[in-house]
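Structure representation (structure tokens):
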């Protein structure tokens, strides 16, 4: 059996796991959506600040919801793998001739499926909320590509936490860390309008800002190649790091000979 | 040799869970690893199945060194670990298909092999139900079926009947026997049940505190311990010293509260004891003849009964 078939079968299992456990999907869609609605309602007047880049705060914040959703998928991904460690299912997989790379990719397919559902939902919410996607239909495709790259990066990060802790509860408790990463980014305000220097410094150093700004640019600006390059570059860099970390962690955990 | 180890050791920080085990298991043999909880049985299985690296020593499975040729070992073996590893969201049939596919079977072959094994372990009717709704016995049987998907030549079963009712336990014994006899598979099973080791295994290794303290066929091990015992329970506790004096004439006496036992000396029989007690008009509430069991072997080798011996040290893995 080749690696492709192994991945297909493991991906099928990952999808079944996700689809048969609505709790894997609903909160990761509902929470970012609710958060988006709340901050959009509370921050709507921010759009009147001189230099604010969007006409509507809802459109401005939409990109943040995309990234927040993919972060939650990452937490779920790690939690799912930790569950496989807790139940011994990972040992079952390891005892077959399947490679650890196939286990990793197959495992992440379920998380990517959740991310896709999230993206369609957030996009639909944006369109219903009157958001006009400045980059048009091609922009939506690019937005999905970037969001899925972000999803891969965070899913792999979740896998690292899952493998290292081996506890689904520990992975869930890592959620506040993801949330902090989001809060100290340009999710709620453009970096150039941040008054406190320390906050602006944090947001500039925070990779989440570039991921959000990349997606946001397609919604509110159109084709901002600089923002897109920074977004894709950051996603690729983070994904390369986290995927390598996840592959190494999984291999060390699962197969030593 | 199907399984061979020399001086196998596994340490967990300060604790030595497996302490220099030497094993030789022949092809087609059912080898039982008998010991209490925490004796090192599961740790040994984890090392032999490539899931845990040994700290020291050598282990070969199917002729391959587990520390070097892990992937080749994994192709040869089927494993059912102590905790059944199933996905509660998948059905029994989906498990079989996944396991078959990951072992390189085509969809058609995985499907037919899956159906055959599900029927063999009595799960045909439940095959399309999610495993979350299975009983403990059904999960165990599915776990065993999954271990057999790829026709392994060596099967590791870690406490396969723990938690099973008598009927399920005997069905599983039958299945294991059939595998070894009809298909020539080597079976290495761990157990803490004396009757399981006695009824099922060609040879038994008794493990205590990480060391093998006795090894042989169940019959030879019991023969080593010696002759049967007679256990007498006095009606009146005041007769106890006198009963003990009488029993001493027939062998080595031991206390077995509320009874008194005597390991019969050569050429002494139960009837001799009965006559002697009768002559002295000593009344007993119960008088029983005990053939040596594997528990007696364990007792003779460790000074402990198998039941309860595991409470001294927790199992590390």
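Residue numbers (our numbering), protein chains in the order written: chain A, 18 to 274; chain B, 89 to 405. For glycine and all other residues, C-beta sits at the position ideal for the given N, C-alpha and C. All figures in this text were calculated on a predicted structure; none of them were measured in a lab.
Taking CB atoms only, residue 167 of chain B has a neighbour in chain A less than 8 angstroms away.
Within the region 149-193 of chain B, the complete alpha helix (DSSP H) runs of at least 4 residues fall at 158-164, 180-190. Counting the other CB atoms within 10 Å of its CB gives residue 193 of chain B a total of 16 or more, which places it among the buried residues. By the neighbour-count criterion, in which a residue is buried when 16 or more other Cβ atoms sit within 10 angstroms of its Cβ, residue 155 of chain A is exposed.
Secondary structure note for residue 389 of chain B: it is in no beta strand (DSSP E), and the uninterrupted alpha helix (DSSP H) holding it is 382-390. Note that the C-beta distance between residue 149 of chain B and residue 91 of chain B is below 8 angstroms. For residue 333 of chain B, the nearest beta carbon of chain A is not closer than 8 angstroms to its own beta carbon.
The region 255-267 of chain B and the region 221-237 of chain B touch, with three or more beta-carbon pairs separated by less than 8 angstroms. When the five nearest sequence neighbours on each side are left out, the beta carbons in the same chain lying within less than 8 angstroms of the beta carbon of residue 52 of chain A are those of 82, 85, in order along the chain. When the five nearest sequence neighbours on each side are left out, the beta carbons in the same chain lying within less than 6 angstroms of the beta carbon of residue 146 of chain B are those of 94, in order along the chain.
Within chain A, the C-beta atoms nearer than 9 angstroms to that of residue 137 of chain B come from 108, 112, in chain order. Neighbours of residue 179 of chain A across chain B, judged by C-beta separation under 7 angstroms, do not exist; the nearest C-beta is about 16 angstroms away.
Taking 8 angstroms as the upper bound on Cβ-Cβ separation, chain B lies near no residue of the region 117-144 of chain A. The C-beta of residue 178 of chain B comes closer than 8 angstroms to at least one C-beta of chain A. Unbroken alpha helix (DSSP H) runs of no fewer than 4 residues, entirely contained in the region 54-138 of chain A, are found at 74-104, 106-111, following chain order. Across the structure, residue 365 of chain B and residue 386 of chain B are spaced so that their CA atoms are roughly 30 angstroms apart. In the three-state DSSP reduction, residue 202 of chain A falls in the coil class, being neither helix nor strand. In the same chain as residue 302 of chain B, and ignoring 5 residues on each side of it, the C-beta atoms closer than 7 angstroms to its own belong to 294, 309, 385, 389, in chain order. In the three-state reduction of the DSSP assignment, residue 127 of chain B falls in the coil class.
Contiguous beta strand (DSSP E) elements confined to the region 235-323 of chain B occur at 242-246, 274-279, 291-296, 299-304, 317-322, taking only those with 3 or more residues. Contact fails between the region 249-256 of chain A and the region 106-120 of chain A, because fewer than three Cβ pairs, one in each stretch, are under 8 angstroms apart. Across the set A/130, A/65, A/55, A/56, the C-alpha of A/130 shows the shortest separation from the C-alpha of residue 34 of chain A. CA-to-CA, the gap between residue 152 of chain B and residue 164 of chain B works out to about 10 angstroms.
Here residue 178 of chain B is near residue 219 of chain B, since their CB atoms are less than 8 angstroms apart. The bridge partners DSSP lists for residue 107 of chain B are B/97.
Between residue 105 of chain B and residue 120 of chain B, the C-beta spacing is not below 8 angstroms.
Under a criterion of Cβ atoms nearer than 9 angstroms, the residues of chain B adjacent to residue 34 of chain A are, in order, 175, 177, 178. Here DSSP, grouped into helix, strand and coil, assigns residue 211 of chain A to coil. Put simply, the CB of residue 162 of chain B is near chain A, with a gap under 8 angstroms to one of its CB atoms. With respect to residue 115 of chain B, residue 305 of chain B sits apart: the two C-beta atoms are not nearer than 8 angstroms. Contact between residue 353 of chain B and residue 342 of chain B is absent: CB atoms are separated by about 13 angstroms, not below the 8 angstroms threshold. The secondary-structure analysis by DSSP pairs residue 348 of chain B across a beta bridge with B/320, B/343. DSSP places residue 374 of chain B within a strand segment (E or B) once states are collapsed to three. The Cβ-Cβ distance between residue 243 of chain B and residue 205 of chain B does not fall below 8 angstroms. At the C-beta level, residue 379 of chain B and residue 124 of chain B stay beyond 8 angstroms of one another. In this structure, the beta-carbon distance from residue 80 of chain A to residue 232 of chain A falls below 8 angstroms.
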